[in-house]
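Read through the structure below, which is laid out as structure tokens, and then see the notes.
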Amino acid sequence: MRTRILAFALSIVFCAAAHAELKWEQTTVELHPAANDKEAVGHFKYQNTGSKPVRFQSVHTSCGCTAAQTQKDEVPPGEKGEITATFKIGDRTGTQVKTVTVDTDDPVNATTVLTLKAVIPQELEINPTFVFWGQGEAPKPKTIVVRAGKDFSIKQLKVTSSTPDFETKVAETSKGQFKIDVQPHDTSRNIAATLTIQPEGSSKTFYAMARVTNAPAVQ
Amino acid sequence: MTSTPATLSFQPSTIPRFVRRIAEFIVGGIFIYAGVIKALDPIRFASDIDNYKILPWAISVRLAFYLPWLEILCGLALIARRLYLGGLSILTALASIFIIATIAAKIRGLDITCGCFGHASKNWSFSAHIALDLSLLAALIALCICERLPRNSS
Amino acid sequence: MKSSLVRQTLILVALASLPGIGQALYFRDKVSWQSPVPASEMVTVAQARAWGGNAIWVDARPDVEFEREHIPGAVLLNEDRWNELLPRFLATWSPEKRVVVYCSSQSCNASREVARRLRDEAQLKNVFVLQGGWEEWLKKK
């Protein structure tokens, strides 16, 4: 009887010991891509610290802009590896948080959520990016404020309108801050223009829009 | 009345009653104002609480409908001197929790732009928030101490 | 003093719940009780359809998903090509229109982000997010 109990207890101990366990070096990675980078890549390193292999069942990301790649489908005990998450920055701004959900056959931690945080530097902050007038509205100038982003400086700003229907005047209001006064010549018809904003010495171009809409402006 | 020794030492119980009343009105008034601001826009307050990333949304949104009224009632309790101890204790607890949550958010790098005045204080710096919150807490603690000591007969 | 403190605290805690519950009842249809997107910024398929020609549908999904299939008349505006697509969207917009942004359940934060940028950067009013997204539209088609 005692032997049976001992054998039973030992078998439970061995079953518990023979487990799969994927340990992650870190589950959150913060990236600081440069202003002209098109992608930000995060590496999530792991190791199988258990005694059984771990199989990846699925890996999916929170958005179509992030792709995740596992190096292998199965991780033998003791082996290390990494999941690479590539975030396509596109025209996104500010701090972007994307997640990668990893499902495995690890009975203890079947699902792990990996977080990729990308702090996208913004050379210019334009507010607002769109100014409009209703038809018949007084063609008074409207102001767009342009500010240098954190860690950036602007000495001068060049602004051009895609059509002569809008006039633009640029003035520096304080260090690193400019205002663009936009004014339509007349508001009797539906007109639109793209304002190209180019900071001096920068290869990047920014945009704002101006329009006279075909309805009274609702402010 | 006992005579004071040559070297005066500060005793909370010697604070004139009117000074305490002024403090109660100011502190109570601030909490009533803060509560009203938040009660007027509970949805925005819910997202402000959510920004601290401490509580799940379901709890944040329910707290957003409850906390402003608690602040208002406790502020009134302080001014009206009814349910005074209860009001004082609750406001002290709220102020302490708020300060800890704000500091924790700062350490975690969260961009918290709202303090105890909801969105009305969204342009304040972190130091301004903490300074006001600590001042309120200090005033509340002082009132607690005054309440616990024997009243000055004046 | 201790029992008085506890009693007073409990009374205040209980009293504060009355106006709180009243206000919550008043706002019950205007608040999203489970998820962080405020209900006033979300719109159902039925509500958006009822707006008829006053609604501009905005597809916030990646280009390839839009090209595969999209809500008839929807304008593509995603963050991958925001600078290029925004002028095209703004050319169709006018102040009396209601903007309804949608995405798929796989990329569903995209619609909230696009809606946020339209509100904050372009300062447009009447910008809504479609509850249930593309999948909900397909179900109600």
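Protein chains in written order, with the working numbering: chain A, 1 to 219; chain B, 1001 to 1154; chain C, 2001 to 2141. Every residue gets a Cβ at the ideal spot worked out from N, C-alpha and C, and that includes glycine.
I believe residue i touches residue j by the beta-carbon criterion, under 8 Å. Please report the beta-carbon distance rounded to the nearest angstrom.
i: E2135 of chain C; j: S2111 of chain C; result: With a Cβ gap of about 12 Å, E2135 of chain C and S2111 of chain C do not count as contacting.
i: T213 of chain A; j: P2095 of chain C; result: 6 Å
i: H2065 of chain C; j: D91 of chain A; result: Looking at the sequence shown, residue 2065 of chain C is not His but Glu. No, E2065 of chain C and D91 of chain A are not in contact; Cβ-Cβ is about 17 Å, not under 8 Å.
i: K88 of chain A; j: K38 of chain A; result: 7 Å
i: T143 of chain A; j: I83 of chain A; result: The Cβ separation is near 47 Å, so there is no contact.
i: I1079 of chain B; j: F1045 of chain B; result: Not confirmed; about 23 Å, so no contact.
i: A208 of chain A; j: F130 of chain A; result: 7 Å
i: G134 of chain A; j: S188 of chain A; result: About 11 Å separates the two Cβ atoms, so there is no contact after all.
Compare the Cα-Cα distances from residue i to each of the options and report the closest residue.
i: V1027 of chain B; options: B:L1055, B:I1059, B:G1087; result: B:G1087
i: K155 of chain A; options: A:T143, A:E172, A:V75, A:T111; result: A:E172
i: G2022 of chain C; options: B:F1065, B:I1130, B:T1102; result: B:F1065
i: G64 of chain A; options: A:K80, A:K179, A:A85; result: A:A85
i: D1041 of chain B; options: C:Y2026, C:Q2034, C:R2049; result: C:Y2026
i: T35 of chain A; options: A:A110, A:P128, A:T205; result: Reading off the sequence shown, one finds Ala at residue 35 of chain A, where the question assumed Thr. Per the Cα distances, A:T205.
i: I1030 of chain B; options: B:K1053, B:D1050, B:S1060, B:A1077; result: B:A1077
i: A118 of chain A; options: A:M209, A:G42, A:A110, A:V75; result: A:G42
i: V113 of chain A; options: A:L124, A:D105, A:K98; result: A:K98
i: V50 of chain A; options: A:S58, A:F166, A:P76, A:R147; result: Contrary to the premise, residue 50 of chain A reads as Gly rather than Val in this sequence. Ranking A:S58, A:F166, A:P76, A:R147 by Cα distance to G50 of chain A puts A:P76 first.
i: T2009 of chain C; options: B:E1071, B:F1098, B:V1036, B:P1016; result: B:E1071
i: S162 of chain A; options: A:A192, A:K175, A:S174, A:T187; result: A:A192
Within its chain, find whatever has a CB closer than 6 Å to the CB of residue i; leave out the 5 residues flanking it on each side and keep chain order.
i: V2127 of chain C; result: V2099, A2115, L2118, R2119
i: K158 of chain A; result: Q198
i: Y2102 of chain C; result: S2111, L2130, G2133, W2134
Within its chain, find whatever has a CB closer than 7 Å to the CB of residue i; leave out the 5 residues flanking it on each side and keep chain order.
i: T1002 of chain B; result: Low per-residue confidence applies at T1002 of chain B: pLDDT is 42, beneath 50, and the placement is therefore not dependable, though the value from the model is reported in the following sentence. Excluding residues within five positions, none has a Cβ falling inside 7 Å.
i: A1095 of chain B; result: D1133, L1136, L1137, L1140
i: F1126 of chain B; result: K1106
i: P1056 of chain B; result: none
Under a CB-based cut-off of 8 Å, is residue i close to chain A?
i: S1998 of chain C; result: Residue 1998 of chain C falls outside the range modelled here, since chain C spans only 2001 to 2141, and no answer is possible.
i: E2069 of chain C; result: no
i: R2088 of chain C; result: no
i: R2081 of chain C; result: yes
i: E2121 of chain C; result: yes
i: P2062 of chain C; result: yes
Residue i CB to nearest chain B CB: under 8 Å?
i: F2128 of chain C; result: no
i: V2013 of chain C; result: yes
i: A2016 of chain C; result: yes
i: S2004 of chain C; result: yes
i: T2009 of chain C; result: yes
So, is the C-beta of residue i closer than 8 Å to a C-beta in chain C?
i: V1036 of chain B; result: no
i: G1087 of chain B; result: yes
i: R1020 of chain B; result: no
i: I1030 of chain B; result: no
i: S51 of chain A; result: no
i: P1042 of chain B; result: yes
i: Y46 of chain A; result: no
i: C1074 of chain B; result: yes
i: I1130 of chain B; result: no
i: S62 of chain A; result: yes
i: L1078 of chain B; result: no
For residue i, list the residues DSSP reports as bridge partners.
i: N48 of chain A; result: A:L22
i: R2119 of chain C; result: DSSP output for R2119 of chain C lists no bridge partner at all.
i: N127 of chain A; result: A:V145
i: R2098 of chain C; result: C:A2055
i: Y207 of chain A; result: A:T196
i: R55 of chain A; result: A:E74
i: I191 of chain A; result: A:V212
Closer than 8 Å by C-beta to residue i: which residues in its own chain qualify, once you throw out the five before and the five after it? Chain order, please.
i: T93 of chain A; result: I120, Q122
i: S1023 of chain B; result: Looking at the sequence provided, one finds Ala at residue 1023 of chain B rather than Ser. Only A1139, A1142, L1143 meet the Cβ criterion.
i: S203 of chain A; result: N36
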